[in-house]
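Beneath this line is the structure, given in structure tokens, with notes to follow.
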Amino acid sequence: MRRAYKFLLRPTTRQAASLAACLDDHRSLYNSALEERREAWRRSRVTLRYGDQSAQLKDIRRADPDHARWSFSSQQATLRRLDKAFTAFFRRIKAGETPGYPRFKGQGWFDTVEWPKDRDGCRWNPALGSNQVRVYLQGIGHVRVHAHRQVEGTVKTISVKRQGRRWHVILSCDEVFAQPLPATGRVVGVDMGVVSFLTTSDGVHVANPRHLAASHARLTEAQRALARHRRGSIRRRKTRERVAALHARIGRQRLDHAHKIARWLVGHHDLIAHEDLPITNMTRSTHGTIKTPATNVAQKSGLNRSILDAGWGVFLRVLAAKAESAGRLVIAVNPANTSRTCPQCGHCARENRLTQAKFACVACGHTGHADVVGASNVLRAGLALQSARAA
């Protein structure tokens with residue numbers, strides 16, 4: 017299987033400046049290539065391809081020594097990135113979707129440089145027999161890496177990403193062996209929620225940590241200070257970095273929680289069924305819709321914030337990756353009416369769910385916790401899907 021590893025870089029002050037210069041030069045190359053494509057079409061109706069622009073790299077490097085100090089392959093990867101953006105643009109046009117023409121990248125919108133092949137302008141150097149782990153990057157040098165886990169498989173691509181003041185290295189590895197866990201003989205259904213992060217069909221409730229709500233006061237104070245500062249000032253830049261650091265911390269907390277809960281589910285169950293939630297549609301704003309009261313807009317905004325704070329999408333991605341590595345089966349089922357259907361008689365009615373937590377079937381009188389009922393129905397639907405696929 018293919019796996020990505022993400023480690024924190026520990027560059028020196030000089031290396032951090034070189035990394036920032038490398039990122040800025042690749043951003044400049046991306047924007048220049050985009051400008052060339054746009055002008056070629058506007059003036060002559062000529063469509064430039066990746067091969068046309070890649071052939072100009074030698075001349076660009078010969079004319080500009082600043083670009084020549086970086087890896088040729090990494091610059092080709094940046095041009096491929098632009099080519100992929102145009103490919104997606106034309107695909108959306110053919111499909112009748114909103115096209116979304118590729119945009120020029122501002123300083124805060126280009127944060128990754130990729131080296132497409134190990135030992136071609138870069139080298140992953142774990143230094144066997146030593147705790148010193150470093151990665152070599154052309155034009156930057158050997159940068160120390162905080163490698164908190166062992167890298168398995170064959171390193172294929174190396175990417176460097178800036179997140180606030182931090183730098184990370186991302187390794188994409190092939191031929192990573194799966195590590196199947198022993199069978200447990202247990203299956204579980206999962207109901208996602210806001211009051212509880214998730215509820216299992218066994219009746220286990222996992223609390224919602226509400227990381228955003230916990231940091232809301234500090235984040236609000238920082239955002240208000242940011243709004244007061246004059247644009248372009250040093251204070252505004254420092255405050256913006258503080259806001260970004262708070263958001264990054266919340267994101268790390270959310271990811272850590274997702275890893276822990278996913279690991280627990282994968283370690284104790286052979287099959288995990290969950291709701292196939294349309295998160296994008298569920299968090300769509302009602303602002304601007306016809307005849308929508310302001311109160312409803314505010315309520316929907318609060319609900320959207322709670323859903324995004326729970327981090328369902330992050331959790332489901334982590335769960336799928338861990339299940340694949342452990343040899344577990346994850347099944348996504350249609351969430352429609354899972355919390356309104358009685359698990360005993362199968363009667364489905366809106367009146368069955370009295371409150372957020374109480375479920376009482378109006379047909380047979382069965383009662384229970386609404387989230388546990390929903391998780392039980394999710395599990396039953398998942399087992400039915402598994403049987404249908406096996407047949």
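Quick note: the sequence shown uses our numbering, first residue 17, plus one each step.
C-beta atoms are modelled at their ideal positions from N, C-alpha and C, and glycine is treated no differently.
_Between the alpha carbons of Thr357 and Lys276, how many angstroms are there, rounded?_
Here residue 357 refers to the residue found at position 341 of the sequence shown. Here residue 276 refers to the residue found at position 260 of the sequence shown. Rounded to the nearest angstrom, the two C-alpha atoms are 30 Å apart.
- Query: Going by alpha carbons, who is nearest to Asp82 out of Arg366, Leu45, Cys364 and Ser60?
  - Reply: One-based indexing of the sequence shown puts residue 82 at position 66. Comparing Cα-Cα distances from Asp82 to each of Arg366, Leu45, Cys364 and Ser60, the minimum goes to Leu45.
Practice prompt. Could you tell me if Ala339 is buried or exposed, where buried requires 16 or more neighbouring beta carbons within 10 angstroms of its beta carbon?
Written response: Here residue 339 is taken as the residue at index 323 of the sequence shown, counted from 1. Ala339 should be labelled buried.
*Per DSSP, which residues does Leu287 bridge with? Please list them.*
Position 271 of the sequence shown, counted from the first residue, corresponds to residue 287. Note: Leu287 sits in a beta bridge opposite Val203 and Leu345.
Between which two residues does the beta strand (DSSP E) containing Glu130 stretch? For the purposes of this step, residue 130 is identified with residue 114 of the sequence shown, where counting begins at 1. Its beta strand (DSSP E) spans residues Thr128 to Trp131.
Is the number of C-beta pairs between the region 393-407 and the region 333-350 that are closer than 8 Å three or more?
The region 393-407 makes contact with the region 333-350; the number of CB pairs closer than 8 Å reaches 3 or more.
Checklist entry - What number of angstroms, rounded off, separates the C-alpha of Val203 from the C-alpha of Leu335? => result In the sequence shown, counting from the first residue as 1, residue 203 sits at position 187. In the sequence shown, counting from the first residue as 1, residue 335 sits at position 319. Taking the straight line joining both Cα atoms gives about 15 Å.
TODO: Measure from the alpha carbon of Val171 to the alpha carbon of each residue in Gly157, Ser188, Ile156 and Ala163, then state which is nearest.
DONE: On the sequence shown, position 155 is the one that residue 171 refers to. Among Gly157, Ser188, Ile156 and Ala163, the Cα nearest to that of Val171 belongs to Ser188.
Checklist entry - Quick one, are the C-beta atoms of Ala274 and Val259 less than 8 Å apart? => result Numbered from its first residue, the sequence shown carries residue 274 at position 258. Numbered from its first residue, the sequence shown carries residue 259 at position 243. Not a contact, by the Cβ cut-off of 8 Å.
Tell me which residue opens and which closes the beta strand (DSSP E) that His385 is part of. Taking the sequence shown and counting its residues from 1, the one referred to as residue 385 is at position 369. His385: member of the beta strand (DSSP E) spanning Thr383 to His385, first to last residue.
As assigned by DSSP and simplified to three states, the class of Thr354: If you number the sequence shown from 1, residue 354 lands on position 338. In this structure, Thr354 counts as coil in the three-state DSSP scheme.
>> Using CA atoms only, rank isn't needed, just tell me which of Gln269, Val161, Arg53 and Thr299 is closest to Ala101.
In response: Reading the sequence shown from its first residue, position 85 is the one you call residue 101. Of the candidates Gln269, Val161, Arg53 and Thr299, the residue whose Cα lies closest to the Cα of Ala101 is Arg53.
Worksheet entry | Per-residue DSSP class, three states only, for Met17 | Here residue 17 is taken as the residue at index 1 of the sequence shown, counted from 1. Three-state DSSP puts Met17 in coil, outside helix and strand.
Which first and last residues belong to the beta strand (DSSP E) in which Ile156 is found?
As a working mapping, residue 156 is identified with position 140 in the sequence shown. Here Ile156 belongs to no beta strand (DSSP E), and DSSP marks it neither H nor E.
If you draw a straight line from the alpha carbon of Arg321 to that of Pro294, how long is it in whole angstroms? Residue 321 sits at position 305 when you count from the first residue of the sequence shown. Residue 294 sits at position 278 when you count from the first residue of the sequence shown. If I take the Cα positions, the gap works out to 15 Å.
Legend entry - Cβ-Cβ distance between Ser70 and Glu130 below 8 Å: Translated into positions along the sequence shown, residue 70 becomes position 54. Translated into positions along the sequence shown, residue 130 becomes position 114. No, Cβ-Cβ distance for Ser70 and Glu130 is not below 8 Å.
For this session: Inspect the beta-carbon positions of Ser217 and Leu332 and report whether they are closer than 8 Å.
Result: Translated into the one-based positions of the sequence shown, residue 217 becomes position 201. Translated into the one-based positions of the sequence shown, residue 332 becomes position 316. No, the Cβ-Cβ distance between Ser217 and Leu332 is not below 8 Å.
Taking only the alpha-carbon atoms, compute the straight-line gap between Phe88 and Arg135 and give it to the nearest angstrom. Counting from 1 along the sequence shown, the entry for residue 88 is found at position 72. Counting from 1 along the sequence shown, the entry for residue 135 is found at position 119. Using only the alpha carbons, I get a separation of about 12 Å.
- Message: Determine whether the beta carbon atoms of Gly137 and Ser212 lie at a separation below 8 Å.
- Response: Residue 137 sits at position 121 when you count from the first residue of the sequence shown. Residue 212 sits at position 196 when you count from the first residue of the sequence shown. With a cutoff of 8 Å on beta-carbon distance, Gly137 and Ser212 are scored as not near each other.
Three or more C-beta pairs closer than 8 Å, one from the region 159-170 and one from the region 24-38: is that the case here? By the Cβ rule, the region 159-170 counts as touching the region 24-38, because three or more pairs are nearer than 8 Å.
Exercise. From the DSSP output, read off the bridge partner residues of Met14.
Key: The first residue shown for the chain is 17 and the last is 407, placing residue 14 beyond what the model contains.
### Query
Can you list, in chain order, the stretches of the alpha helix (DSSP H) that have 4 or more residues and sit fully within the region 41-118?
The region 41-118 is shown to contain whole alpha helix (DSSP H) runs of 4 or more residues at 66-70, 73-79, 81-84 and 88-110, in chain order.
Nearest-angstrom Cα separation, counted from Arg77 out to Lys254
Walking along the sequence shown from the start, residue 254 turns up at place 238. Walking along the sequence shown from the start, residue 77 turns up at place 61. Annotation: Lys254 to Arg77 spans about 35 Å, alpha carbon to alpha carbon.
_Checking 8 Å against the spacing of the C-beta atoms, do Pro118 and Leu95 come in under that value?_
The count along the sequence shown starts at 1 and reaches residue 118 at position 102. The count along the sequence shown starts at 1 and reaches residue 95 at position 79. No, they are not a contact pair.
TODO: Give a yes or no on contact between the region 384-395 and the region 355-370, applying the rule of three or more CB pairs nearer than 8 Å.
DONE: Yes: the two stretches touch, three or more of their Cβ pairs being nearer than 8 Å.
Q. Is Thr354 buried or exposed, if buried means 16 or more other CB atoms sit within 10 Å of its CB?
A. Numbered from its first residue, the sequence shown carries residue 354 at position 338. Buried: at least 16 other Cβ atoms inside 10 Å.
Can you look up Ser134 in the DSSP assignment and give me helix, strand or coil? Looking up residue 134 in the sequence shown gives position 118. Before going on, a small fix: residue 134 reads as Asp here, not Ser. Three-state DSSP puts Asp134 in coil, outside helix and strand.
Other residues of its chain near Ala111: CB distance less than 6 Å, five sequence neighbours each side excluded: Position 95 of the sequence shown, counted from the start, is the residue given in the question as residue 111. Contacts found: none.
Worksheet entry | Three-state secondary structure assigned by DSSP to Thr28 | On the sequence shown, residue 28 is found 12 positions in, with the first residue counted as 1. Coil.
Worksheet item: Tell me the DSSP bridge mates of Cys189?
Response: Here residue 189 corresponds to residue number 173 of the sequence shown, with the count starting at 1. Arg19 and Val171, per the DSSP bridge assignment.
Considering only residues of the same chain and omitting the five flanking positions on each side of Leu345, which have a CB-CB separation below 6 Å?
-> Reading the sequence shown from its first residue, position 329 is the one you call residue 345. Around Leu345: Leu287.
For Ala337 versus Leu197, is the C-beta spacing smaller than 8 Å? Counted from its first residue, the sequence shown places residue 337 at position 321. Counted from its first residue, the sequence shown places residue 197 at position 181. No. Outside cutoff.
Measure the C-alpha to C-alpha separation of Thr296 and Asp75 and round it to an integer number of angstroms. Numbered from 1 along the sequence shown, position 280 holds the residue referred to as residue 296. Numbered from 1 along the sequence shown, position 59 holds the residue referred to as residue 75. Using only the alpha carbons, I get a separation of about 45 Å.
Q.
Quick check on His164: does DSSP put it in helix, strand or coil?
A. Along the sequence shown, read from residue 1 onward, the residue named residue 164 stands at position 148. Correct three-state label for His164: coil.
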